[in-house]
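Heads up, the thing below is written out as C-alpha cells.
In C-alpha cells, the structure reads:
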C-alpha cells in the first residue's frame, strides 16, 4: 500500500510540467526513501533524475517498493485539476494498476479524486557516477532561462565557458554572433539575485541549446539553478525542490568528431 | 565538426 500526502501539492505539478515535454512516459519509483524518477529524453541525449524525499510528505507510507508507469502528459492533466494551494495525496495498492490522486483545498471545503491508469514501461536505468566538477555556477533561475531564450534566437549551439572572470555563453548562426557573460555577484542585497561561481579549473563545453532551453521549464520550481561542468562530461543543470529534493537534468556535450 | 553525443556514452546502464 502506498499513501503519501504532500502539503505543497503544487511542487508535484511544477516538476511534471518541467519534464513532460522532454519525456513522454516514465516510471515513478517509490520506496521508503521517497519518490524518484529517472528517464532519458526521446533522443537519448539528456537524462532527467528527480528525487522527492519521504520526509517532504506530511504522511508517507510505502509498504514495499513499487514502480508506477505513467504517461506524463496524462499526469500533467490530472495535476492541472489541483488548486495551487491544494494538499495532494497519492494512493496506490501494491498489486494495483491504478494510482489515485486526492486534492484537498486548504479549507477542506473541496475534495476531489482522480484515478489514473498505470502503464508497463520498460525503462533502462542508468548509473549516474558521482562527479567532482571543475566548475559549478549557481545563478538566478530566471537569468538562466533568459540566456537560453535570448541565445536560442541567434543560434542552436552554445559554448559555455567558465573562467575566473565568469561564465560566458556564446552562440552564432545566420543572424550573427552573441555572447552573454555572467559574473560572480555575491554582494547582491537579495540572495536570489546572487551568482556564485566555484571554479577548480577553467572548462568550456558545447551543447545543443534546445535541451538547455527545455530544462528552463523548471524555473517556477526554484529561485536558483546550478550548472555543473567538467571537461568532456555531460553538464548537470540542477533545481532544488525547496528542501524536499531535487530535479536534475544531464545533457551530453557536442564533441569534436 | 562537432558531433552530439548520447547520454548513454557517459552513464553506464545500471
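Protein chains in written order, with my numbering: chain F, -13 to 243; chain P, 7 to 20.
C-beta atoms are modelled at their ideal positions from N, C-alpha and C, and glycine is treated no differently.
A quick note: this is a predicted structure, and the numbers were derived from the prediction, not measured.
DSSP beta-bridge partners of residue 235 (chain F): Residue 235 (chain F) sits at position 249 when you count from the first residue of the first chain. F:34, F:223, per the DSSP bridge assignment.
Is residue 44 (chain F) near the ligand NAP, going by C-beta to nearest heavy atom under 6 Å? In terms of ligand content, the structure shown is empty, and the ligand NAP therefore cannot be addressed.
Three-state secondary structure assigned by DSSP to residue -10 (chain F): If you number the first chain from 1, residue -10 (chain F) lands on position 4. Of the three classes helix, strand and coil, the one that applies to residue -10 (chain F) here is strand, per DSSP.
Are residue 149 (chain F) and residue 188 (chain F) touching if we call contact CB-CB under 7 Å? Counted from its first residue, the first chain places residue 149 (chain F) at position 163. Counted from its first residue, the first chain places residue 188 (chain F) at position 202. A contact, by the Cβ cut-off of 7 Å.
Bridge partners - residue 126 (chain F), DSSP secondary structure assignment: Numbered from its first residue, the first chain carries residue 126 (chain F) at position 140. F:210, per the DSSP bridge assignment.
Contact check, residue 42 (chain F) vs residue 230 (chain F) under 8 Å by CB: the rounded distance? Along the first chain, one-based indexing puts residue 42 (chain F) at 56. Along the first chain, one-based indexing puts residue 230 (chain F) at 244. Indeed, because the Cβ distance is near 3 Å, the residues count as touching under 8 Å.
Kindly indicate which three-state DSSP category residue 172 (chain F) falls into: helix, strand or coil? Working through the first chain from its first residue, we reach residue 172 (chain F) at position 186. Coil, per DSSP.
With C-beta atoms as the reference, is residue 140 (chain F) less than 7 Å away from residue 161 (chain F)? What you label residue 140 (chain F) is simply residue 154 of the first chain in a count that begins at 1. What you label residue 161 (chain F) is simply residue 175 of the first chain in a count that begins at 1. A contact, by the Cβ cut-off of 7 Å.
Just mark residue 113 (chain F) as buried or exposed, buried being the case when its beta carbon has 16 or more other beta carbons within 10 Å. Within the first chain, numbered from 1, the residue matching residue 113 (chain F) stands at position 127. It is exposed - the Cβ of residue 113 (chain F) has fewer than 16 other Cβ atoms within 10 Å.
Where residue 14 (chain P) and residue 183 (chain F) are concerned, what is the direct C-alpha to C-alpha distance, given to the nearest angstrom? Within the second chain, numbered from 1, the residue matching residue 14 (chain P) stands at position 8. Within the first chain, numbered from 1, the residue matching residue 183 (chain F) stands at position 197. Spanning the two alpha carbons is a distance of roughly 28 Å.
Residue 49 (chain F) to residue -13 (chain F) span [Cα, whole Å]: Working through the first chain from its first residue, we reach residue 49 (chain F) at position 63. Working through the first chain from its first residue, we reach residue -13 (chain F) at position 1. About 5 Å.
Length of the line joining the Cα atoms of residue 137 (chain F) and residue 77 (chain F): Within the first chain, the letter at position 151 stands for residue 137 (chain F). Within the first chain, the letter at position 91 stands for residue 77 (chain F). The straight-line gap from Cα to Cα measures roughly 43 Å.
Less than 7 Å between the C-beta atoms of residue 20 (chain F) and residue -8 (chain F), yes or no? Position 34 of the first chain, counted from the start, is the residue given in the question as residue 20 (chain F). Position 6 of the first chain, counted from the start, is the residue given in the question as residue -8 (chain F). For residue 20 (chain F) and residue -8 (chain F), no; Cβs fall outside 7 Å.
Apply the 10 Å Cβ neighbour rule to residue 224 (chain F) and answer buried if 16 or more other Cβ atoms are within range, or exposed otherwise. Here residue 224 (chain F) refers to the residue found at position 238 of the first chain. Its Cβ being crowded by 16 or more others within 10 Å, residue 224 (chain F) is buried.
Mind checking who residue 11 (chain F) pairs with in its DSSP beta bridge? Position 25 of the first chain, counted from the first residue, corresponds to residue 11 (chain F). For residue 11 (chain F), which the question treats as bridged, DSSP gives the partners F:57.
Extent of the continuous beta strand (DSSP E) to which residue 2 (chain F) belongs: Position 16 of the first chain, counting from 1, holds the residue named residue 2 (chain F). No beta strand (DSSP E) holds residue 2 (chain F); the alpha helix (DSSP H) holding it covers -4 to 5.
Relative to the C-alpha of residue 168 (chain F), which residue among F:134, F:210, F:151, F:8 is closest? Looking up residue 168 (chain F) in the first chain gives position 182. That would be F:151, whose Cα lies nearest to the Cα of residue 168 (chain F).
Boundaries (first-last residue) of the alpha helix (DSSP H) holding residue 196 (chain F): Here residue 196 (chain F) is taken as the residue at index 210 of the first chain, counted from 1. Taken as a continuous stretch (DSSP letters only), the alpha helix (DSSP H) holding residue 196 (chain F) covers 195 to 201.
What number of angstroms, rounded off, separates the C-alpha of residue 102 (chain F) from the C-alpha of residue 14 (chain F)? Translated into positions along the first chain, residue 102 (chain F) becomes position 116. Translated into positions along the first chain, residue 14 (chain F) becomes position 28. Using only the alpha carbons, I get a separation of about 13 Å.
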